[in-house]
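Novice: Below are the structure tokens for one structure; questions will follow.
In the working numbering, the protein residues as written are 4 to 152.
Structural data, given as structure tokens:
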């Protein structure tokens, strides 16, 4: 049962400084996990928010399962993230600080076959920080090209 599903949110690493990372389980329906195993998910526009002391991920797009019947799921519904109470409390207190947000970084299938979402406590980058990131990436590409010659 070799599943190599790893959907990364490249936009999050460009837009934010990642301070802490956590791995959370997701409460899913049957057709949702089947679509994720097929690689039919998009986390670029997703974000996390607290509703009634539970952490939810919003705007996580999981395409409808192609073989699903009337039991199919909504593509963009709110999904509960599963974390320990200690981690939830820590995220809630840190998330209320000014300028900090909780962003999904990657969606993957664990060794046991469960869907996991890597989330990060993040702080937004300024415009000049984004330019620095672009410069670093360009220099890294140039160095790699020079090394291949």
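Ideal Cβ placement from N, Cα and C applies to all residues, glycine included.
Have a look at residue 118 and residue 145 and give me their C-alpha separation to the nearest angstrom.
Specialist: Taking the chain shown and counting its residues from 1, the one referred to as residue 118 is at position 115. Taking the chain shown and counting its residues from 1, the one referred to as residue 145 is at position 142. Just so you know, the alpha carbons of residue 118 and residue 145 end up roughly 37 Å apart.
Novice: For residue 19 versus residue 126, is the C-beta spacing smaller than 8 Å?
Specialist: Position 16 of the chain shown holds residue 19. Position 123 of the chain shown holds residue 126. The answer is yes: Cβ separation under 8 Å.
Novice: Which partner residues of residue 121 appear in the DSSP bridge assignment?
Specialist: As a position in the chain shown, residue 121 is number 118, starting the count at 1. According to DSSP, which records beta bridges pairwise, residue 121 is partnered with 26 and 109.
Novice: Does the Cβ of residue 82 have 16 or more other Cβ atoms within 10 Å, making it buried, or fewer, making it exposed?
Specialist: For the purposes of this step, residue 82 is identified with residue 79 of the chain shown, where counting begins at 1. Counting Cβ neighbours within 10 Å, residue 82 comes out buried, since at least 16 surround it.
Novice: Given a cut-off of 8 Å, decide if residue 46 and residue 58 are closer than it, judged by their beta-carbon atoms.
Specialist: As a first step, residue 58 is located in the chain shown; it is residue number 55 there, counting from the start. As a first step, residue 46 is located in the chain shown; it is residue number 43 there, counting from the start. In this structure, residue 46 does not lie closer than 8 Å to residue 58 by Cβ.
Novice: Could you check which residue in 43, 16, 33 and 128 has the C-alpha nearest to that of residue 230?
Specialist: Residue 230 lies beyond the residue range present for the chain, which begins at 4 and ends at 152; the question has no answer from this structure.
Novice: Nearest to residue 99 by alpha carbon, out of 53, 34 and 24?
Specialist: If you number the chain shown from 1, residue 99 lands on position 96. Closest by alpha carbon: 53.
Novice: Based on the DSSP secondary-structure assignment, which residues constitute the bridge partners of residue 210?
Specialist: What the structure shows of the chain is the stretch from 4 to 152, and residue 210 is not part of that stretch, so it cannot be assessed.
Novice: Output the residue ranges of the beta strand (DSSP E) runs that lie fully inside the stretch 30-69 and measure 3 residues or longer, sorted by chain position.
Specialist: 50-54 and 57-61
Novice: Hey, would you say residue 78 sits closer than 8 Å to residue 69, going by beta carbons?
Specialist: Working through the chain shown from its first residue, we reach residue 78 at position 75. Working through the chain shown from its first residue, we reach residue 69 at position 66. No, the Cβ-Cβ distance between residue 78 and residue 69 is not below 8 Å.
Novice: Under a three-way DSSP split, which group does residue 79 fall into?
Specialist: Residue mapping note: residue 79 aligns to position 76 of the chain shown, counting from 1. Residue state, collapsed to three classes: coil.
Novice: If you measure between the beta carbons of residue 120 and residue 15, is that distance less than 8 Å?
Specialist: Along the chain shown, one-based indexing puts residue 120 at 117. Along the chain shown, one-based indexing puts residue 15 at 12. Contact: no.
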